[in-house]
Amino acid sequence: LITLRGFILEDAVASTGRHGTVRGLPLKEVLEQVVPELSISCLRLALSTPKVTEQLLKLDEQGVRSASARACCTCGFGQT
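In the numbering used here, the protein residues as written are -7 to 72.
Okay, structure coming up:
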């Protein structure tokens, strides 16, 4: 897997969600605007388990510094 990091200003995303809320913008809407060629229907939500958290931390050497941090892992066709 390749880890890609970036920052997107909330004001730069046209969204039906409310800007500036604690929960943030809907991740699906952000991904649709930032990566329009990504097939959103192929994504699935990961389970919130210690193993998943551990795997994400391995991918991100900087670690998760905020409880509201989000991660998106993708894999190629045929991978799980």
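Here a beta-carbon is modelled for each residue, glycine too, at the ideal position from N, C-alpha and C.
- Around the beta carbon of Leu17, a 10 Å sphere encloses 16 or more other beta carbons of the protein chains shown; the residue is thus reported as buried.
- In the displayed model, Glu21 falls within a helix according to three-state DSSP.
- Each of Val5, Lys50, Leu49 and Leu37 was checked against the Cα of Val22, and the nearest Cα belongs to Val5.
- For Val44, the uninterrupted alpha helix (DSSP H) segment begins and ends at Pro42 to Leu51.
- Under the three-state reduction of DSSP, Val27 is assigned to coil, being neither helix nor strand.
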